[in-house]
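Written out below as structure tokens is the structure these notes cover.
There are 2 protein chains.
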Amino acid sequence: MELDERKEKILKAIIQTYLETGEPVGSRTISKYSDLNLSSATIRNEMSDLEELGYIIQPHTSAGRIPSDKGYRFYVDQIIREKDSQVSQMQELMIQRVDRVELLLKQMAQILANNTNYATLVSGPSYHQTKLKFIQLSRVESHKLLIVVVVEGNIIRNSFITTDEELSDEEILNLNILLNNSLNGLTIREINLGVIAKLKEQAGAHRQVVEMVLNEVAVAVEAQDEDLQIYTSGATNIFKYPELSDTQRASELISTLEQKELLKGLFDEQNEPSASDSEIQVYIGDETPVRTMKDCSVVTANYVLGEGLRGTIGIIGPKRMDYEKVVGTLRTVVSQLNETFGK
Amino acid sequence: MELDERKEKILKAIIQTYLETGEPVGSRTISKYSDLNLSSATIRNEMSDLEELGYIIQPHTSAGRIPSDKGYRFYVDQIIREKDSQVSQMQELMIQRVDRVELLLKQMAQILANNTNYATLVSGPSYHQTKLKFIQLSRVESHKLLIVVVVEGNIIRNSFITTDEELSDEEILNLNILLNNSLNGLTIREINLGVIAKLKEQAGAHRQVVEMVLNEVAVAVEAQDEDLQIYTSGATNIFKYPELSDTQRASELISTLEQKELLKGLFDEQNEPSASDSEIQVYIGDETPVRTMKDCSVVTANYVLGEGLRGTIGIIGPKRMDYEKVVGTLRTVVSQLNETFGK
DNA sequence: ATTAGCACTCCTTTCCCAAGAGTGCTAACA
DNA sequence: TGTTAGCACTCTTGGGAAAGGAGTGCTAAT
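The listed protein sequences derive, respectively, from chains A and B.
Its first residue numbered 1, the first sequence is counted upward by one per residue in the working numbering.
Its first residue numbered 1001, the second sequence is counted upward by one per residue in the working numbering.
Right, here's the structure in full:
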């Protein structure tokens, strides 16, 4: 048995109604639904079929039906297909042109949370493919050097190293020139042993300092990648959905959002080359890589800032989230981001 | 009528028992309490007195008693007085000596949350009194300069400015020397019009750049002060306490912790000169400056890193929090911090 | 001054019942 | 053959009522 047009219509009606109310929807409700003029009895028969096909579920014998994960999946695929062409504009989204990408991302998470009434999370860009733009050593205390590393996208990392000997201003200047000449324009991956060896050779007496600098660069970038910057916002929005807001579930969910490392799973998968760049990913219920979110749906989208500088935006809500709006919003935001920074 | 010794003992016993169980405590429970050999009837009489004095409350006629805010206050004052001398050490608190204060603070919030099972928040240091240590201008793109500002405590601020004209390496070098000579060692407050005027004069043709730099310094520091860095952790710990974990209250509380700006009230008060530096402040119930926390207790402590570089650590839990432990822990942590960074 | 005992109060839990919502099935109809 | 009306049935939900429990206040005895 396949989904004929009427079944599709009924299924859509059921899901849409459920999205609004959050309550199981009965046959009578649908029969009053404007488009199709059918009695509740007929609807009941169709619903029975739809249930057999696995698109809807009865929470208990004498309740209405709610969409199953499969039902949501049908609905979402439909939406994504329809929306695919029209990237609606969204002027209200006031992205102030900020130089600091990270602040922007933080703001983004907040704006999204406010706009959608769901919890959001935004992962900071990962660095592996990123080109170094600028390195600067400066003496801050007699034996303490400040290292500033700027990478594509104008993202800045700072750290300190402590040197054995005190370096003169001139030595520092020379080191700076050397480091910038050797490393600028390279991605982290391209800084391989060959480059490093050459660099050390040229550094002469200060090879030790160079080593420390490289180490710090690596550590800064690695650390960045390890405990991936993740910004979350609107966690308490989940309290707006009764099906998620019982103590047990809410506690678990919010905990998960607090412990950012648990969220990695959501991004790793996204970052695989298989997923095409701007594609939007929807995880429904059990499909999600993060176990504590099995009663939620998660929609994620990748953004690309510069070459190899990419991250992910995610929205977490109840299974009955407004997929239409969420997918649309994400699409807009991502294309905004790409436009603003993609050059 | 005053609190005689026996009343004090009973009151303490009631509060301690309630701290553990979270349930109203009855006279029989106390009469079994080892130290005092009194029958439940006697206890009842005393409890009746204590209630009249306002130290304890009956949630309803036939329930045991729970401490009133006044009761908690009595208990807390007691604790603080007792603990005041012995600053217990706490080796397990593994503060890795990190140069980046902010990372440290973030970690601190987490460690505290894990240790205490309450929600924690740590405010980043405020800058107004802070001495500038180091300023560095560097060209990143042809018309774009990176400004790095390091202040006491090795806290780093970065920002970008865009210049009209392209500056030569030499010009930048000179500006750097000028800026550092003029500003290093000054606090933000000390950079007044006189200093600025002199600086501009010396800058000659580049007064415009200097102006922008000063502006950025101010903005960076101000912005820092405005949306005060606040790190929170362990928000979901509140679910461990039934009296706070009903949907309504939990939602409110966690929301408050998420919107950091709502927490400012907690720090402003602390930062007034009236409160002596390392003093520990306990807000019980309605005493708290943040309205949504009126069913909680909040314990805060100030830390001091360098001259004028101070912040606050707070712990938020149910009124029946383990004040003894919390006050002790905070005292330790603060003295640790002071020791590590106070030079 | 302390204690034992007892009646009383009030919360909480449980159970039951009625109401309501929705289904599945059967039979009738176009 | 597809659609519909009707009805019995199921299951949840909400509101009491009743039972149980915990704890008090008071009185009388020690």
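Every residue gets a Cβ at the ideal spot worked out from N, C-alpha and C, and that includes glycine.
Between which two residues does the alpha helix (DSSP H) carrying residue i extend?
i: Gln-248/A; result: 247-258
i: Ser-1068/B; result: Looking at the DSSP string, Ser-1068/B is not in any alpha helix (DSSP H), and its letter there is neither H nor E.
i: Thr-1018/B; result: The sequence as given places Tyr at residue 1018/B; Thr does not occur at that position. Tyr-1018/B -> alpha helix (DSSP H) spans 1005-1021.
i: Ile-30/A; result: 27-31
Are the Cβ atoms of residue i and residue j separated by less than 8 angstroms?
i: Val-1217/B; j: Val-1149/B; result: yes
i: Ala-1109/B; j: Thr-1116/B; result: no
i: Phe-160/A; j: Leu-146/A; result: yes
i: Gly-1311/B; j: Tyr-1303/B; result: yes
i: Ile-1313/B; j: Tyr-1118/B; result: no
i: Pro-1024/B; j: Gly-1064/B; result: yes
i: Ile-1280/B; j: Arg-1331/B; result: yes
i: Ser-297/A; j: Tyr-72/A; result: yes
i: Asn-158/A; j: Ile-1156/B; result: yes
i: Ser-251/A; j: Thr-1292/B; result: no
i: Gln-1202/B; j: Leu-1178/B; result: yes
i: Thr-247/A; j: Ser-1245/B; result: yes
i: Ile-15/A; j: Tyr-75/A; result: yes
i: Val-122/A; j: Tyr-231/A; result: yes
i: Ile-1043/B; j: Ile-1057/B; result: no
i: Lys-131/A; j: Leu-214/A; result: no
i: Val-210/A; j: Lys-198/A; result: no
i: Gln-78/A; j: Gln-1136/B; result: no
i: Leu-19/A; j: Arg-320/A; result: yes
i: His-1206/B; j: Leu-1173/B; result: no
i: Pro-289/A; j: Leu-266/A; result: yes
i: Gln-1229/B; j: Glu-1102/B; result: yes
i: Glu-258/A; j: Pro-318/A; result: no
i: Ile-1238/B; j: Leu-1253/B; result: yes
i: Val-1327/B; j: Ile-1080/B; result: yes
Please classify residue i as buried or exposed, where buried requires at least 16 other C-beta atoms within 10 Å of its C-beta.
i: His-1060/B; result: exposed
i: Ser-62/A; result: exposed
i: Thr-162/A; result: exposed
i: Ser-142/A; result: exposed
i: Gly-1194/B; result: exposed
i: Leu-1050/B; result: buried
i: Pro-273/A; result: With a pLDDT of only 47 at Pro-273/A, under 50, the local geometry of the prediction cannot be trusted, and no value is derived from it.
i: Gly-234/A; result: buried
i: Ser-39/A; result: exposed
i: Ser-1027/B; result: buried
i: Ala-41/A; result: exposed
i: Glu-5/A; result: exposed
i: Thr-21/A; result: exposed
i: Ser-138/A; result: buried
i: Ser-1068/B; result: buried
i: Glu-46/A; result: buried
i: Ser-182/A; result: buried
i: Met-1094/B; result: With a pLDDT of 36 at Met-1094/B, under the threshold of 50, the modelled position of that residue is not reliable, and the figure given next carries that caveat. The residue in question, Met-1094/B, is exposed, as its Cβ has fewer than 16 Cβ neighbours within 10 Å.
Would you give the residue range spanned by the beta strand (DSSP E) that residue i belongs to?
i: Leu-121/A; result: 119-123
i: Ser-1040/B; result: It is not in any beta strand (DSSP E) - Ser-1040/B instead sits in the alpha helix (DSSP H) that spans 1040-1053.
i: Gln-281/A; result: 280-284
i: Thr-1232/B; result: 1230-1233
For the stretch 141-152 of chain A, which residues have a beta carbon sitting closer than 7 angstroms to at least one beta carbon of chain B? Leu-146, Val-148 and Val-150
Within the stretch 134-205 of chain A, note down every full beta strand (DSSP E) run reaching 3 residues or more, in order along the chain. 144-151 and 155-162
Residues in the stretch 1159-1173 of chain B having any Cβ partner in chain A nearer than 8 angstroms: Listed by position, the residues of the stretch 1159-1173 of chain B near chain A (Cβ gap below 8 angstroms) are Ser-1159 and Phe-1160.
Any residues in the stretch 1250-1262 of chain B with a beta carbon nearer than 8 angstroms to a beta carbon of chain A? Which ones, in chain order? Ala-1250, Ser-1251, Ile-1254, Ser-1255 and Glu-1258
For the stretch 1228-1243 of chain B, which residues have a CB atom closer than 8 angstroms to at least one CB atom of chain A, in sequence order? Per Cβ criterion, the list reads Ser-1233, Gly-1234, Ala-1235, Thr-1236 and Phe-1239.
What residues in the stretch 289-301 of chain A have a beta carbon less than 7 angstroms from any beta carbon of chain B? none
Mind listing which residues of the stretch 104-130 of chain A have their C-beta closer than 8 angstroms to chain B's C-betas, in chain order? none
Anything in the stretch 31-44 of chain A with a Cβ closer than 8 angstroms to a Cβ of chain B? List those residues in chain order, please. Among the residues of the stretch 31-44 of chain A, none has a Cβ less than 8 angstroms away from any Cβ of chain B.
Listed from N- to C-terminal order along the chain, which residues in the stretch 327-341 of chain A have their beta-carbon within a distance smaller than 8 angstroms of any beta-carbon of chain B? none
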